[in-house]
Amino acid sequence: MARLRPVDFEDRLTLVEHLDELRTRIIIMIVAFVAAFALCFWQNSTLLDIANGPLPGNKEPITFGVAEPFTTTVTISAYAALVIALPVILYQLYAFTLPALTDREKRVVIPFLIMVPVLFVAGVVFGYFVVLPAATKFLLNFNDTQFNIQIRARDYYSFFTLTLAVMGLIFQLPIGILAVTRLGIVTPDQLSQNRRYAYIILLVVAMLLPGTDPVTMLIEAVPLLVLFEASVLLARLFGRSHEEAGEPEIAVSEPPPSGAA
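Spelled out as structure tokens, the structure:
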């Protein structure tokens, strides 16, 4: 019988038991994804209406291939299913790696585990309501008197999903900064002192993100800078304590009395 409960740090499992547990958790992740995919494919019309929301005016994507409507719908449904199944997938990964973590490490990992899907969803929401409308409006109206602008479904939905995925990853910046500070790689003071270099790196990252226009780049750069400053603040509040850092305490002993033998 496969294990479905988290394994304690003190438990000792054989290789066969580890593989059996891994197989069970992979099956659970696949079942969660398939169930989410079935729901998304069932509601694919609503899903496509949501995806078309950022398009300006009454523009609708067009298709050129016989199979393109089907393959595009399947792709969008799969991306949405992955987002829906993300909490289950993360929990199964956490539960499998649980035996390798001490109690103190579990207390550190659990907040990060909760923050990942929350921040990812926040990034997707920001990308949908802020980045995509501004980007599509600028790009589709740029030099529109010189072109017969049509929107191909496959290209638009690829841009749509890639932009939202990247925004979700961008919002993981606080987790990365908190991780390196708690591991002792850098300190909040070092991050503050090198703020100008961090800004340059973040602006370069914004230039490399989806969207070839300056409007999209600026909109994507703003959350990067805000998240960096918020991450530094969080690192100061929740950074490693001296006990966690393992700093030895220096005991100062009093000199013996002069008359002692």
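Quick note: the sequence shown uses the working numbering, first residue 2, plus one each step. Don't be surprised by glycine CBs; every beta carbon is placed ideally from N, CA and C. Because the structure is a prediction, the values reported are computed rather than measured.
| request: Buried or exposed for A52, please, with buried defined as at least 16 other CB atoms from any protein chain shown within 10 angstroms of its CB. | output: buried
| message | Can you check which of these residues, M30, A68, V131, is closest to I85 by C-alpha distance? | response | M30
| task | Kindly indicate the opening and closing residues of the alpha helix (DSSP H) around V75. | result | 69-98 is the extent of the alpha helix (DSSP H) around V75.
| If you drop the 5 nearest sequence neighbours on each side, which residues of the same chain put their C-beta closer than 7 Å to that of F97? | E22, L23, R26
| query | Where DSSP assigns a beta bridge to I63, which residues make up the other side? | reply | R153
| field | A180 - DSSP class collapsed to helix/strand/coil | value | helix
| So, is M168 buried or exposed, given that buried needs 16 or more other C-beta atoms within 10 angstroms? | With 16 or more other Cβ atoms within 10 Å, it is buried.
| Near L174, what residues of its chain come up, given a Cβ to Cβ distance below 8 Å and the 5 sequence neighbours on each side ignored? | L225, L228, F229, S232
| request: May I ask you to verify whether the segment 158-168 touches the segment 126-145, counting CB pairs closer than 8 Å and requiring at least 3? | output: yes
| query | Which residue comes first and which comes last in the alpha helix (DSSP H) that contains F139? | reply | 133-142
| field | C-beta contact flag for A154 and P70 at 9 Å | value | yes
| query | Between A136 and I77, is the Cβ-Cβ spacing less than 9 Å? | reply | no
| said: I need the straight-line Cα distance from Y157 to R183, nearest angstrom please. | reply: 40 Å
| query | Pairing CB atoms from the segment 136-150 with CB atoms from the segment 178-196, are three or more of them under 8 Å? | reply | no
| task | Indicate the three-state DSSP secondary structure (helix, strand or coil) for G54 in the structure shown. | result | It is coil, neither helix nor strand.
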